[in-house]
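Written below as structure tokens is the structure these notes are about.
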Amino acid sequence: MTTPPCGRLIGASLGPGDPGLITRRAWDTLCASAFWTYPVRKHGGESYALDIALRAGVPLPVQHTPLVFPMTHDRAVLQRYWHAGAATVIEQLQCGIDVVFLVEGDASTYSTFGHLARAVMQQAPHIEIETIPGVSSYHAAAARVNLSLADTDDTLAILPAGYGVAEVERMLHDFDTLVLLKVKPLLDDLLLMLERKGLAEHSYFVEKAGAPQERVVREVTSLRGTKVNYLSLLIVHNPHRVKLDMVRGCRKPATKERHELAD
Ligand SMILES: C[S@@+](CC[C@H](N)C(=O)[O-])C[C@H]1O[C@@H](n2cnc3c(N)ncnc32)[C@H](O)[C@@H]1O
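For what it's worth, our numbering labels the leading residue of the sequence shown as 3, then goes sequentially.
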């Protein structure tokens, strides 16, 4: 008896919440008969990624299972869950079944899919993996407020706000636009800093971009003292950033004096 060829692991980016932002390639993958997996934070918990697929009108296939990835910073615990998820996935792949992992936003941006795919590669290096790119939360958020994230030679940084307010403030020297993800725990402190630097009016808050519960806030200081969802971000445009002179199409290297000028 011959064993069937292994299935493929496909990370299907579904965009941040609006089914209209699912790419045709992700759509075709959803509609092909495959085994669906999707992330949940705890057993029996809801999956935002699955919700996007279902709201798009694709019926849940018979073969599907949630994979638990808890919200913790404990790397050892996370590793255990990534490897347990990989083992579940590999079991199906070895039966010759393609496994689709549903991804909220884009699979290459702070996504669990990266961890899952790495764990699969470690346990079964022969497995073929495909990543389907998608619309990220911050691309959808910028479009929602008709904001250009970067023009001409503007600099743009995307980072988790967990680096802390001081680091975010420092980065305002170097970047025309900052996209701050995972802002929930630090929102009040970030807002105070933005107000102090005269940047609150150049900031945008977007929660659950594209989902029915989407919230766009332009008066960001009004959020002080309120609770926001984990799926929320800030886009900060810094029109006050001191730009260096252009020399033959390149900006001169930054000097300490220029940094101090911007303070
Ligand atoms: C683990 S990262 C996932 C990023 C996602 N892969 C993407 O492409 O946008 C989670 C963070 O992304 C941001 N995020 C993800 N989805 C969002 C949405 N629909 N609306 C607003 N922010 C979102 C939030 O800052 C959240 O804390």
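Note that CB positions come from ideal geometry on N, CA and C, so glycine has one too.
Which of the three DSSP states is assigned to residue i in this structure?
| i | result |
| --- | --- |
| residue 15 | strand |
| residue 132 | strand |
| residue 90 | helix |
| residue 147 | coil |
| residue 233 | coil |
| residue 115 | helix |
| residue 239 | strand |
| residue 122 | helix |
| residue 152 | coil |
Taking the straight line between their C-alpha atoms, what separation do you get for residue i and residue j?
| i | j | result |
| --- | --- | --- |
| residue 252 | residue 63 | 53 Å |
| residue 1 | residue 250 | The structure shown does not extend to residue 1, since the chain is modelled only from 3 through 265, so no value can be given for it. |
| residue 233 | residue 210 | 5 Å |
| residue 191 | residue 166 | 9 Å |
| residue 140 | residue 7 | 38 Å |
| residue 137 | residue 225 | 26 Å |
Where does residue i land, buried or exposed, given buried means 16+ other C-beta within 10 angstroms?
| i | result |
| --- | --- |
| residue 212 | buried |
| residue 48 | exposed |
| residue 200 | exposed |
| residue 94 | buried |
| residue 76 | exposed |
| residue 127 | exposed |
| residue 205 | buried |
| residue 41 | buried |
| residue 107 | buried |
| residue 155 | exposed |
| residue 149 | exposed |
If I'm right that residue i touches residue j with Cβ under 8 Å, what's the distance once you round it to whole angstroms?
| i | j | result |
| --- | --- | --- |
| residue 235 | residue 218 | Contact doesn't hold; Cβ gap of about 11 Å is too wide. |
| residue 113 | residue 105 | 5 Å |
What are the start and end residues of each continuous beta strand (DSSP E) run of 3 or more residues lying completely inside the region 197-231, in chain order? Given a length threshold of 3 residues, each whole run of the beta strand (DSSP E) inside the region 197-231 is given here in chain order: 205-209, 217-219.
Taking only runs of the beta strand (DSSP E) that begin and end inside the region 4-59, which ones reach a length of at least 3 residues, in chain order? Whole beta strand (DSSP E) segments, 3+ residues: 10-15, 37-42.
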